[in-house]
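*Asks:* From first to last, the protein sequence lines are chains A and B.
Under the working numbering, the first sequence has 36 at position 36, and the numbering climbs by one with no breaks.
Under the working numbering, the second sequence has 142 at position 142, and the numbering climbs by one with no breaks.
Don't be surprised by glycine CBs; every beta carbon is placed ideally from N, CA and C.
Because the structure is a prediction, the values reported are computed rather than measured.
Below are the structure tokens for one structure; questions will follow.
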Amino acid sequence: MARGSPPVHRHRAHREGLPRHILELSDLTLRFGGVTSLAGLTMDVRGGELLALIGPNGAGKTSVLNCISGLYRPQEGSITLTGRDGERHALARLAPHRIAALGVARTFQNIELFKHLTVLDNLMLGRHVHMNGGVLSGGLYWGRQREREIEHRQYVEQVIDFMNLEPLRSAVVGNLAYGNQRLVEMARALALDPHLLLLDEPTAGMNAEEKESMARFILDVHEEQGLTVVVVDHSIDVIMDIADRVVVLDFGRRIADGSPDEVRNDPAVIDAYLGTRADDPGRRGEAP
Amino acid sequence: MSLDCGVFHTRYESDMGLRPRPLQRLRLVTLALFVLVFPFVASPYWLDLANQVAIATVGAIGLNILVGYTGQISLGQGAFMAIGAYTAGLLTLNFGVPWGASVFAACLVTAAAGTFFGLPSLRLKGLYLAIATLAAQEIVEWGMTNWTAVTGGTEAIVLPAPVLLGVRMNTNFNFYWLAVLTAGGTALFAANLMRTRIGRAFAAVRDQDIAASVIGVDVFRTKLLAFATSSFFVGLAGAMIAFHRNIITWERFTLSTSIVFLAMIIVGGLGSIRGSFLGAALITLLPAMITNLGRAIQDTAPQAASLLPYAQQAVFGIVIILFLIFEPRGLSKLWENAKDYFHVWPFAYRRGESRG
């Protein structure tokens with residue numbers, strides 16, 4: 001097996017030291033022209049928890065993730081990340097690659113892999129922020145650069161081992177089956193050795209069996225590695241089973257926050273999903 | 001990629017090698033032997049063609065780094081080669097800079113120019129960026145022909161032949177070694193670059209720039225790096241053109257040069273070092289082949305022979321179209337297919353059964 005301490009143990013030791021709040025969003029407002037996607041959203045993500053973010057279509061779940069990872073710039077409000085070093089970083093004005101360097105990794109609703117590259121290269125890109133080396137040292141591939149590539153390859157091999165991707169290692173990602181692509185995308189996020197992992201609909205388009213195995217991987221990274229995870233998903237059945245805490249969004253606001261059981265029986269949540277509120281009769285919703 | 005039957009790597013280092021399999025190394029040695037023997041058996045005509053191929057390979061690899069690997073379309077190849085050629089030539093001619101130093105300076109100046117003209121890539125993608133690089137081409141073309149005080153305008157610039165280790169590079173035989181070493185070095189550098197951190201970032205920007213930024217790649221910086229690296233080698237190719245013929249004329253660096261180089265990497269294979277070489281070779285040799293064919297059939301079929309010069313124009317376009325339709329991944333992919341076929345020859349499975 002590869003040298004270096006496996007990520008599993010390092011994180012478990014690290015878990016106690018996690019800050020109470022890894023992420024704090026306060027009064028976050030995001031507008032696209034006349035459409036308000038997030039309307040003064042305030043919420044937090046606690047260290048070491050598995051937080052589920054749910055809500056009807058268009059509630060602003062993905063917008064929250066996009067704001068955190070720097071793809072959207074909120075007009076108002078702040079996002080504060082407490083980093084590994086205990087320092088607090090304001091994310092709302094940072095570029096996406098700087099946020100990634102702080103240890104925030106994510107997956108996308110519509111799988112966004114580097115489809116012409118192999119699984120291995122995709123995961124090696126997850127190591128990008130941890131590596132050094134420019135054009136010259138890369139082109140010469142000599143000395144330190146060579147060692148670095150091998151070191152990080154060892155780390156990536158541990159992730160491959162964890163996600164059971166061995167048979168796919170040198171396959172070109174674009175040729176993989178959909179379910180496998182989802183696993184590779186999650187593996188790529190894990191290769192970044194994240195401090196905070198954001199998963200946008202990790203079980204979308206999967207059958208029951210695949211959903212179950214994905215849920216298992218999410219639980220494993222959360223429990224074995226002690227990772228703080230935020231999951232956005234429509235599969236309420238899966239999410240209620242695995243989440244420590246659930247935040248429900250509707251029209252860009254937080255309408256409920258608590259344990260899965262509390263949220264399940266919250267009248268505001270039932271209203272939001274079934275659309276029974278008298279003052280808003282025409283709204284579409286989906287059953288919880 | 002074909003499966004590595006019977007090859008077991010026990011160290012990451014060997015698995016990550018550029019030529020991890022014995023057969024690949026054998027082919028490399030064969031190629032090296034051919035390159036060593038070739039100049040002693042070839043006529044000056046073929047040596048000249050070989051030199052052109054080597055220079056075009058450097059330029060094509062440069063362009064492929066930008067277009068094939070990073071996905072930024074450029075129509076400014078001719079302009080960047082011109083910057084390389086004129087910088088190298090004028091430094092040597094006017095300031096007496098040793099030719100080696102002036103070639104290196106030319107690469108750096110071209111890299112800087114490429115970075116500058118790459119700035120629009122912050123906002124522009126695809127065809128829009130192509131038009132922005134077309135502007136670079138037009139500006140440089142105008143500069144070459146109208147900035148008479150520096151470039152001599154439409155007059156040719158004549159350079160002294162470079163001298164390496166006391167040998168004057170004024171024959172194709174002598175220049176051959178320089179050209180082949182440069183092309184080989186460029187290919188090795190590019191291949192190494194593409195399997196390490198920055199090269200992967202190039203490919204990430206090409207495939208999915210949003211995902212690239214979220215995984216920690218500074219997309220804009222990476223694009224500019226690609227422009228700089230690409231232009232460095234394109235400038236090198238330009239400088240080599242200048243010292244190959246010892247003459248610089250603006251006609252060699254027009255928009256059609258840009259198109260010819262794009263054709264090379266499309267026909268050869270986008271995002272492939274081997275493809276850059278194969279494409280450069282085919283596109284350089286094709287006109288020569290047609291001319292030779294014309295001479296050969298001049299007596300037997302004079303009418304067909306007289307039509308051939310026109311065919312020369314058409315064949316160029318036809319070859320590109322045929323490749324785009326039948327093998328968009330170019331000669332490089334054809335070569336891979338051939339390798340895959342012989343990999344299991346003569347005990348081939350039926351097609352489709354070999355890969356799951």
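Closer than 8 Å by beta-carbon distance: list the chain A residues that pair up with residue 192(B), in chain order.
*Replies:* 138, 139, 140 and 141
*Asks:* Between which two residues does the alpha helix (DSSP H) harbouring residue 189(A) extend?
*Replies:* 178-191
*Asks:* Less than 8 Å between the beta carbons of residue 198(A) and residue 104(A), yes or no?
*Replies:* yes
*Asks:* Strictly below 7 Å CB to CB, what residues from chain B border residue 294(A)?
*Replies:* Residue 294(A) lies beyond the residue range present for chain A, which begins at 1 and ends at 288; the question has no answer from this structure.
*Asks:* Please list the partners that residue 116(A) has in chain B, where partner means a Cβ-to-Cβ separation under 8 Å.
*Replies:* The answer, in chain order, is 203, 206, 207 and 271.
*Asks:* Does residue 240(B) come out as helix, strand or coil in the three-state DSSP assignment?
*Replies:* helix
*Asks:* Would you report the Cα separation of residue 201(A) and residue 52(A), rounded to the nearest angstrom?
*Replies:* 10 Å
*Asks:* Between the beta-carbon of residue 289(A) and the beta-carbon of residue 272(A), is there less than 8 Å?
*Replies:* Within the shown structure, residues of chain A are numbered from 1 to 288, placing residue 289(A) beyond reach of any answer.
*Asks:* Check residue 256(A) in the structure and name its three-state DSSP category.
*Replies:* strand
*Asks:* Evaluate residue 95(A) with the Cβ neighbour count: other Cβ atoms within 10 Å of its Cβ, from every protein chain shown; 16 or more gives buried, anything less gives exposed.
*Replies:* exposed
*Asks:* Give the residues from the stretch 11-24 of chain B that approach chain A closer than 8 Å (Cβ to any Cβ), ordered along the chain.
*Replies:* 12, 13 and 16
*Asks:* Look at the alpha carbon of residue 285(A) and the alpha carbon of residue 153(A), and state the distance between them as a whole number of angstroms.
*Replies:* In this predicted model, residue 285(A) has a pLDDT of only 45, less than 50, meaning its place in the structure is not dependable; the value taken from the coordinates is given anyway. In this structure, the alpha-carbon of residue 285(A) lies about 46 Å from that of residue 153(A).
*Asks:* Helix, strand or coil: how does DSSP classify residue 244(A) here?
*Replies:* coil
*Asks:* Give me the DSSP bridge partner(s) of residue 163(B).
*Replies:* 168(B)
*Asks:* DSSP state of residue 54(A), grouped into three classes?
*Replies:* strand
*Asks:* Count the other CB atoms within 10 Å of the CB of residue 185(A); is the residue buried (16 or more) or exposed (fewer)?
*Replies:* buried
*Asks:* Tell me where the beta strand (DSSP E) around residue 43(A) begins and ends.
*Replies:* Where residue 43(A) is concerned, the enclosing beta strand (DSSP E) starts and stops at 35-46.
*Asks:* What number of angstroms, rounded off, separates the C-alpha of residue 339(B) from the C-alpha of residue 254(A)?
*Replies:* 59 Å
*Asks:* Alpha carbon to alpha carbon, what distance is there between residue 207(B) and residue 125(A)?
*Replies:* 12 Å
*Asks:* Within the same chain, show all residues whose beta-carbon is closer than 7 Å to that of residue 174(A), passing over the 5 residues directly before and after it, in chain order.
*Replies:* 115 and 116
*Asks:* Kindly list, in the order they appear in chain B, the residues whose Cβ is closer than 9 Å to that of residue 145(A).
*Replies:* Neighbours of residue 145(A) on chain B, chain order: 192, 196 and 197.
*Asks:* Is residue 297(B) closer than 8 Å to residue 305(B) when the C-beta atoms are compared?
*Replies:* yes
*Asks:* Along chain B, which residues have their Cβ under 9 Å away from the Cβ of residue 126(A)?
*Replies:* Annotation: Cβ neighbours of residue 126(A) in chain B (cutoff 9 Å, chain order): 215 and 216.
*Asks:* For residue 191(B), name the three-state secondary structure that DSSP assigns.
*Replies:* Correct three-state label for residue 191(B): helix.
*Asks:* Out of 218(A), 47(A) and 155(A), which one is the CA nearest neighbour of residue 83(A)?
*Replies:* 47(A)
*Asks:* Which residues in the same chain as residue 93(B) place their Cβ atom closer than 7 Å to its Cβ, once the five residues preceding and following it in sequence are excluded?
*Replies:* 157 and 159
*Asks:* Any beta-carbon of chain B closer than 8 Å to the one on residue 192(A)?
*Replies:* yes
*Asks:* In the structure shown, what three-state DSSP assignment does residue 24(A) receive?
*Replies:* strand
*Asks:* Terminal residues of the continuous beta strand (DSSP E) containing residue 105(A)?
*Replies:* 104-106
*Asks:* Along the chain, where does the beta strand (DSSP E) that runs through residue 79(A) open and close?
*Replies:* 76-82
*Asks:* DSSP three-state label for residue 248(B), please.
*Replies:* strand
*Asks:* Measure the Cβ-Cβ separation of residue 190(B) and residue 85(B) and say whether it is below 8 Å.
*Replies:* no
*Asks:* Counting pairs of beta carbons, one from the stretch 45-52 of chain B and one from the stretch 219-233 of chain B, are three or more of them closer than 8 Å?
*Replies:* no
*Asks:* May I have the straight-line CA-CA distance separating residue 50(A) from residue 231(A), to the nearest angstrom?
*Replies:* It is roughly 7 Å from the alpha-carbon of residue 50(A) to the alpha-carbon of residue 231(A).
*Asks:* Is it true that the CB of residue 102(A) sits closer than 8 Å to the CB of residue 192(B)?
*Replies:* It is not a contact, given that the beta carbons lie outside the stated cut-off.
*Asks:* Do three or more CB pairs link the stretch 29-40 of chain A to the stretch 64-76 of chain A at distances below 8 Å?
*Replies:* yes
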